[in-house]
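One structure is given below, encoded as structure tokens.
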């Protein structure tokens, strides 16, 4: 990878900053004099022979990359389902990366933008590290991040709002007359675990319900683990009348355990999941779940990227997709018609 | 798309067959004399200037395309989940196409192989038309088809075996003592509908059970439609004791309708689905389902393509992935532990 001229050697030769070279190579609007210097340096160094220079002329690969943490996760697939038609309609192919949420893999993807094999990138990292921010600041193609990035990061950004989502669920349970609302969460050292745990406490207080730490049980974001956490919680707090589960898989585990324990859902215990995956409608009783708008986030990201590709330089935008409570039988007892 | 020299004009100029030109442009082993003629003709016609010729030298784009009918269908996603790591480990990026099973879109994808934006293609068409076969015969990069192609088609081919799959299900129900086994199928003019309907009749006969056309109801491959078909079937044949459903969504509709009718599953009516999607394990009771090996088919397709990319010319191969019955509570009444 270290062969041939690099952005650094071109910057040195042209007597301009690396950022300027990056801007020129990205085809972003730049002062004419700078463009001239960079192009001259690039040609002197033989840079014209490689793929970057080729795409400098044609400017477009008609490809856009989508880097998701896990190709098996329904939330990312819901994004992909929306990203795909928007980009296809605009004449772009999608290059898919599954990074397994490994930071080094994500950095690789950002780094490889320098090869100009795509015109832009949509990335959905689980965590945004300092290394991410550094790469984003010098990315050689437009990037849209699905997830939260710090203020001032020079990329378009699409966010969910799980805090409001948890509040919607707790308000719904409270309105149904539930007063002993348990929370089954994933590990608090994950971004979603931390956010959802804090939101639960806030939402209880907003309803005027006392926070009781006995009502919180930590498990993991999987069905079996979630079920075990629910079993432990039921042992400790036999009179709980509702469960806020930090995702749908935990909620499915809750249904398993409540059924085995002879507790009726929702008559004895109402259950709410989160993410509104396909599994929520398939379960029985069907699961009330908080949608964090994966589909809408995917669509917004694709539209932001297209806008950036078509209109070039503008201020970075932040789009926050509001959550939505999808009410089903696990809280109201009324089964929908089959779908 | 009709500008500049084409494979046909090169073949004419070189005095060789179109297939030979295709082989040379694909970098497949070809007689030295033929390579020389084709390259000379290509250069005379100015073909060296375009992307095809460029990739002739570097030979590789390090990209492979996967064209699936529907990015929302869990069966294709199960394939993708397996294709992705195999190709990633070999240094390939995946370019994703969702064709919505529109033949013209699939033909476009095959046609665009001429642009050499990928080194190879895995395609999973719902139907294989004459136009497909014609394009496959002259494809400018290696192609693996997931689905059945006629004997002699010059591509690697990975197949499912839904016929044996239906037989596994019927044998299982028969072994459990079920004798009035209904079938809820999708439209018989679709490839899966036709195959599964015929397989049901065969499998009954192999068990020594009489075929009764009253036991068959046609619906569609969706939950609500499947449910309606089951309701009609129950009205007509109140004493049926088992249901073979042509996919998992139909089976979920069956569970809805049986529950509403007060029929216990599996005590009164045992239910089997097909495809073994994630929904099968999420439903209650969890669903016995025939896996047609989507994951294994994806893996096999990726491995066949890699082998072809690494070793070039060899006879086309056919891999048939055997089906597998995944037994859950909807036939045996025994719930698994949560997973």
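Residue numbers (UniProt numbering), protein chains in the order written: chain S, 1 to 339; chain B, 1 to 339. Where a beta carbon is used, it is the ideal one built from N, C-alpha and C, also for glycine. Model, not experiment: these values are computed from the prediction.
Assignment of residue 136 of chain S by DSSP, reduced to helix, strand and coil, places it in the helix class.
An exposed status is given to residue 102 of chain B, since fewer than 16 other beta-carbon atoms sit within 10 Å of its beta-carbon. Sequence-distant Cβ neighbours of residue 318 of chain B in its own chain, meaning closer than 7 Å and more than five residues away, are 157, 159. Residues of chain S whose Cβ lies closer than 8 Å to the Cβ of residue 84 of chain B are, in chain order, 71, 96, 98. Chain B has no Cβ within less than 9 Å of the Cβ of residue 270 of chain S. Taking 8 Å as the upper bound on Cβ-Cβ separation, chain S lies near residues 278, 279, 282, 283, 284 of the stretch 270-286 of chain B. In the three-state reduction of the DSSP assignment, residue 159 of chain B falls in the strand class, which pools E and B. Around the beta carbon of residue 5 of chain B, 16 or more other beta carbons lie within 10 angstroms, which makes this residue buried. Looking at S:34, S:45, S:33, S:36, the one whose alpha-carbon comes closest to that of residue 10 of chain S is S:45.
Shortest Cα-Cα distance from residue 271 of chain S to any of S:289, S:279, S:260 involves S:289. Taken in chain order, the whole beta strand (DSSP E) runs of length 3 or more contained in the stretch 147-233 of chain S are 156-159, 181-185, 216-218.
Taking a C-beta distance under 9 Å as the contact criterion, residue 174 of chain S and residue 325 of chain S do not qualify as a contact pair.
If you look at residue 242 of chain B, you'll find it in the beta strand (DSSP E) that goes 242-245.
Inclusion of residue 279 of chain B and residue 292 of chain B in the CB contact set at 9 Å is not warranted, their separation being larger than that value. Between residue 146 of chain B and residue 107 of chain B, the gap from beta carbon to beta carbon reaches 9 Å or more.
Looking at the DSSP output, residue 274 of chain B shares a beta bridge with B:290. The alpha-carbon separation between residue 301 of chain S and residue 82 of chain S amounts to approximately 9 Å.
Under the DSSP definition of a beta bridge, residue 93 of chain S partners with S:63.
Excluding residues up to 5 positions away in sequence, 16, 20, 24 lie with their Cβ nearer than 7 Å to the Cβ of residue 34 of chain S in the same chain. Between the alpha carbons of residue 264 of chain B and residue 205 of chain B lies a gap of roughly 27 Å.
Interface annotation, residue 88 of chain S: in contact with chain B, CB-CB separation under 9 Å. Residue range 120-124 is occupied by the beta strand (DSSP E) that includes residue 124 of chain S, with no alpha helix (DSSP H) assigned at that position. By the criterion of a C-beta distance shorter than 7 Å, residue 294 of chain S is surrounded in its chain by 75, 78, 79, once the five residues flanking it on both sides are discounted. For residue 211 of chain S and residue 227 of chain S, the gap between their C-alpha atoms comes out near 22 Å.
In the DSSP assignment, residue 331 of chain B falls within the alpha helix (DSSP H) that extends over 329-332. The beta carbon of residue 116 of chain B does not come within 9 Å of any beta carbon belonging to chain S, so the residue lies off that interface. Taking a Cβ-Cβ cut-off of 7 Å, the neighbours of residue 81 of chain S in chain B comprise 71, 72, given in sequence order. Measuring C-alpha to C-alpha distances from residue 60 of chain S to each of S:141, S:66, S:135, S:8 identifies S:141 as the nearest.
Rounded to whole angstroms, the separation of the alpha carbons of residue 229 of chain B and residue 70 of chain S is 37 Å. Chain B has a Cβ within less than 9 Å of the Cβ of residue 63 of chain S. In the DSSP assignment, residue 34 of chain B falls within the alpha helix (DSSP H) that extends over 32-44.
At a cut-off of 9 Å between beta carbons, residue 309 of chain B makes no contact with chain S. Put simply, the backbone Cα of residue 250 of chain B is about 8 Å away from that of residue 220 of chain B.
By the 16-neighbour rule on beta-carbons within 10 angstroms, residue 185 of chain B is buried. Taking 9 Å as the cut-off, the beta carbon of residue 243 of chain S is found no closer than this to the beta carbon of residue 283 of chain S. When the five nearest sequence neighbours on each side are left out, the beta carbons in the same chain lying within less than 8 Å of the beta carbon of residue 275 of chain B are those of 74, 75, 247, 248, 289, 290, 291, 292, 294, in order along the chain.
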